[in-house]
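See below for the structure under consideration.
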Amino acid sequence: MFQVSVAFLVLAWIAVSLRVYVRASVLRSFHWDDWLILLTLCVFTACCSCLIAIENIERSGAARTALANGLEAQVGLIDKIFGLIMGFMSLYILTTVVLKLALAIFFLRIIPENFSWQRKTIYISTGIYTTYGIVFTFIVVFQCGNPANFFIQEVRQACMSDNILQPLYYAAGGMNALTDWLFSLLPVTVIWSAAIPRSMKISAGCLLGLGSLASIASLIRLAYIPGIEASPTFLEHSVNIASWSIVEPGLGIIAASLATLRPLIR
Numbered sequence: 001m002f003q004v005s006v007a008f009l010v011l012a013w014i015a016v017s018l019r020v021y022v023r024a025s026v027l028r029s030f031h032w033d034d035w036l037i038l039l040t041l042c043v044f045t046a047c048c049s050c051l052i053a054i055e056n057i058e059r060s061g062a063a064r065t066a067l068a069n070g071l072e073a074q075v076g077l078i079d080k081i082f083g084l085i086m087g088f089m090s091l092y093i094l095t096t097v098v099l100k101l102a103l104a105i106f107f108l109r110i111i112p113e114n115f116s117w118q119r120k121t122i123y124i125s126t127g128i129y130t131t132y133g134i135v136f137t138f139i140v141v142f143q144c145g146n147p148a149n150f151f152i153q154e155v156r157q158a159c160m161s162d163n164i165l166q167p168l169y170y171a172a173g174g175m176n177a178l179t180d181w182l183f184s185l186l187p188v189t190v191i192w193s194a195a196i197p198r199s200m201k202i203s204a205g206c207l208l209g210l211g212s213l214a215s216i217a218s219l220i221r222l223a224y225i226p227g228i229e230a231s232p233t234f235l236e237h238s239v240n241i242a243s244w245s246i247v248e249p250g251l252g253i254i255a256a257s258l259a260t261l262r263p264l265i266r
């Protein structure tokens, strides 16, 4: 997972940097979706950093050191791992929320007003997912009450039951995948027939094509939701879903940025 996180971080930073250069320096036209992509990149970076930190703990032999240093060191290490896991999970959700907002603003900017049902669908789907994503982030962070007492509450079995959390994870994953596919397929109904500049059609077409890869990744991620478990063995039991949780938004950020780079090849 270290390699996956680093690879997508590097690619995402390169793609977004090029987008910022094109929009700010070449076109001198920086919009809200550009600011939101920058915010998405920052949250995505924090998300990847949590995963990298967890794997570094596993690789560094910190567990053996904690075992040698007694109970207090062991509890401190477990608390740190739990905190990073919660950070990773919540930051992944926030990354997808901000990315959806950026994509929605992009499409609303290029889809003409007379395509009303397409625009309404984007508004509604984005609003529903954003609301659920924010609420679900709070549920993930506070599922055991005070996050600082997460480990103690987990040991006491005072946290929310997996019977409650698993359906919520599936609902979040399902809405995320559905919104991804809506954003990939819905604009097809208007892009090629709309009276918009050819350059914008090409940008949108690239975004749709590349964005479909993120849509596929979101579906694959759904299959690994049963592996979600807030435990010190998070990497061992959740390798697949953690990796796809990086791949999916990473592809989305890269696709959304590459679609704006046409001025560089003129």
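Mapped onto UniProt numbering, the consecutive letters of the sequence shown carry residue numbers 1 to 266.
A virtual CB, placed ideally from N, CA and C, is assigned to each residue, including glycine.
Every value quoted in this text rests on a predicted model; they were computed, and no experiment measured them.
In this structure, DSSP gives PHE115 a state outside helix and strand, which the three-state scheme calls coil. LEU186 is positioned such that its CB atom lies no closer than 8 Å to that of GLN143. PRO167 counts as exposed, since fewer than 16 other C-beta atoms from the protein chains shown sit within 10 angstroms of its C-beta.
Going by beta carbons, THR121 and LEU182 fall inside the 8 Å limit.
In the DSSP assignment, GLN3 falls within the unbroken alpha helix (DSSP H) covering 2–20.
Taking the C-beta atoms as reference points, PHE2 is found no nearer than 8 Å to GLY250.
In this structure, the CA atom of PHE106 is about 6 Å from the CA atom of ASP33.
A Cβ-Cβ distance of about 18 Å is found for the pair SER212 and SER245, leaving them out of contact under the 8 Å criterion.
By the criterion of at least three beta-carbon pairs nearer than 8 Å, the segment 37–55 is in contact with the segment 87–96. For the set LEU41, VAL6, ARG28 and TRP35, the Cα lying nearest the Cα of ILE254 is the one of LEU41.
Residue burial is scored here from C-beta neighbours: THR260 has at least 16 other C-beta atoms within 10 angstroms and is therefore classed as buried.
Look at LEU185 here: in three-state DSSP terms it is helix. Secondary structure at TYR169: helix, using DSSP grouped into helix, strand and coil. The Cβ atoms of LYS100 and THR137 lie no closer than 8 Å to each other.
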